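Chains as they are written, first to last, in numbering that gives the first Met the number 0: chain A, 0 to 246; chain B, 0 to 183.
Cβ coordinates follow ideal geometry from the N, Cα and C atoms, glycine included.
Everything numeric in this text was worked out from a predicted model, so none of it was measured.
Contents: one structure, followed by commentary.
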Amino acid sequence: MIIRILRFIFLPAIINLALAQEFIPSWFQQLPEMPDARLAVGYSGKYVNDNQARSDALELARKNMTKQISIRLAFDLEELSDGRLRLLNPSFKEYISGGILQTVTANSVVIDSALTEDGYFILLAYPASEYRLILDAGDKTWGARPDWIENLPNEKGFVFGVGMVARYRSWIRAWYDADEYARFDLGKNLQIKAESVHATQRDNRTTIESVILKQTYDLTLKDVTIVARWFDIENNAYYSLSRAPRQ
Amino acid sequence: MKKLLVFVLLISVALFTVNCGGKKPKAKMDDIPEWYLNPPQAEDAIYQAGDAVKTSMALAKDAADARARDAIARTIELKVTNMMKDFMQQSGLGEDSEALEFTSNVSKQVANTVLRGCMIVKREMKTEGSNYHGYSLAEYNLNSLVQEALDEARKQKALYNEAKANLSFEELEREIEKLKEVGE
Numbered sequence: 000m001i002i003r004i005l006r007f008i009f010l011p012a013i014i015n016l017a018l019a020q021e022f023i024p025s026w027f028q029q030l031p032e033m034p035d036a037r038l039a040v041g042y043s044g045k046y047v048n049d050n051q052a053r054s055d056a057l058e059l060a061r062k063n064m065t066k067q068i069s070i071r072l073a074f075d076l077e078e079l080s081d082g083r084l085r086l087l088n089p090s091f092k093e094y095i096s097g098g099i100l101q102t103v104t105a106n107s108v109v110i111d112s113a114l115t116e117d118g119y120f121i122l123l124a125y126p127a128s129e130y131r132l133i134l135d136a137g138d139k140t141w142g143a144r145p146d147w148i149e150n151l152p153n154e155k156g157f158v159f160g161v162g163m164v165a166r167y168r169s170w171i172r173a174w175y176d177a178d179e180y181a182r183f184d185l186g187k188n189l190q191i192k193a194e195s196v197h198a199t200q201r202d203n204r205t206t207i208e209s210v211i212l213k214q215t216y217d218l219t220l221k222d223v224t225i226v227a228r229w230f231d232i233e234n235n236a237y238y239s240l241s242r243a244p245r246q
Numbered sequence: 000m001k002k003l004l005v006f007v008l009l010i011s012v013a014l015f016t017v018n019c020g021g022k023k024p025k026a027k028m029d030d031i032p033e034w035y036l037n038p039p040q041a042e043d044a045i046y047q048a049g050d051a052v053k054t055s056m057a058l059a060k061d062a063a064d065a066r067a068r069d070a071i072a073r074t075i076e077l078k079v080t081n082m083m084k085d086f087m088q089q090s091g092l093g094e095d096s097e098a099l100e101f102t103s104n105v106s107k108q109v110a111n112t113v114l115r116g117c118m119i120v121k122r123e124m125k126t127e128g129s130n131y132h133g134y135s136l137a138e139y140n141l142n143s144l145v146q147e148a149l150d151e152a153r154k155q156k157a158l159y160n161e162a163k164a165n166l167s168f169e170e171l172e173r174e175i176e177k178l179k180e181v182g183e
């Protein structure tokens, strides 16, 4: 009986840990710098057909490269609070150029790829040219929690953004969303229109604070690169760091 | 013996019920970041903190960030209004009714402010039961604030001049009408 209960409690945790991303290519965690070239990462799940996995990873890498070159982000957040309930309604819209995607597809090259326990990873370079392989690109574990999760990096000439998601069933979807949130977060750090109305109603016994808050931006960003990622295995949380030159 | 068993059972049920119907877990004081309770003070920057509790980590972060930035926006509104008042007094325009009108317009305008370079410099995410409690610290450089105030003042001055120009034009039109009447 006890064994059954223990199995019931621990089995999902063990499965979760077994399926968690433990090993990843080093360039997936920390994107290397390469002079005269842009780098972007693509990934997909592990399929029966490796070619299909590679194809999906390559497609995502090309989209990520296109977003890195230029992306229009429209962010809108509304929060209404009447003292009893709070309603939060964020909206994220992004637009990429079909022309840039075509150029990237025609003029980019895969410089490294990795097939791990979890899926397929691709490192794409643009423009296509002869590149040396990255030396220490072996599989690695995630290591210690990076400081940028709590403290935004302060590097002269650059602006950063952090994306975070947790408790996702699919690691592919989780990284995709964490990357997107990191791009949107960078936009907020550049420029955002903030409007709000705060009203406080007091009587002898109660105080009711009503808030209407609206924050928006619509920006076209260039050179936004996902430069680092970190996976918190214990809490099933995914973090991405984006960086762009300050214009 | 039976009575004892019933008593133990009742106590167990009561404890179970209290536990299930208890309040939502709240942040312990030790878990709250120091910078949330006492935001840093600096001569060249404004700091404000925000927090939010949500079931989704991404939403908790977005809401906490938004509240920290909103606090910055409200601080700026106050500071810009005060700066404009100081400016009016220093330039000897404080008693001028037009200038006073100008000041009140500015304070209305900056309620909707565009924050340039307002960054979330520190962030912490705590778990409280099944919820995430996000804490964010926003930083706004005062150089941006001065620029904001100057832009606003320029905008208002331009509007004021435009309004004055329109008034003169209307006066001119009235004069022309008068001339026409005399000609007839």
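Scanning the region 80-161 of chain A for uninterrupted alpha helix (DSSP H) segments of 4 residues or longer gives 97-105, listed from N- to C-terminal end. The three-state reading of DSSP puts N37(B) in coil, since its state is none of H, G, I, E or B.
For the pair of segments examined, the region 29-41 of chain B was found not to touch the region 56-63 of chain B: the number of CB pairs separated by less than 8 Å stays below three. Sequence-distant partners of A227(A) (beyond 5 residues in either direction) whose C-beta falls short of 8 Å from its own C-beta, in its chain, are Q28, Q29, L30, P145, W147, S239, L240. Around the beta carbon of D178(A), 16 or more other beta carbons lie within 10 angstroms, which makes this residue buried.
Taking C-beta separations shorter than 6 Å and ignoring five residues to either side along the sequence, the partners of E77(A) in its chain run N88, K213, following chain order. In this structure, A72(B) places its C-beta atom within 8 Å of the C-beta atom of A193(A).
In the DSSP assignment, D217(A) falls within the beta strand (DSSP E) that extends over 206-221.
Contact with chain B is found for Y180(A), since one of that chain's Cβ atoms lies less than 8 Å from the residue's Cβ.
Residue environment for G133(B): buried (at least 16 other C-beta atoms within 10 angstroms of its C-beta). K154(B) has a beta carbon lying at 8 Å or more from every beta carbon in chain A.
Between A67(B) and Q47(B) a beta carbon distance of about 5 Å is seen, short of the 8 Å cut, so the two are scored as contacting. When the five nearest sequence neighbours on each side are left out, the beta carbons in the same chain lying within less than 6 Å of the beta carbon of V210(A) are those of S80, H197, in order along the chain.
When only Cα atoms are considered, T102(A) and L57(A) end up about 14 Å apart. For a cut-off of 8 Å, the C-beta gap from K66(A) to R182(A) is around 7 Å, short enough to register as a contact. In the DSSP assignment, Y180(A) falls within the alpha helix (DSSP H) that extends over 170-189. Comparing alpha-carbon positions, the option among I70(A), L86(A), L151(A), V47(A) lying closest to I119(B) turns out to be L151(A). Taking the Cα of I207(A) as reference, the smallest distance to any Cα among R85(A), K139(A), D222(A), S128(A) is reached at R85(A).
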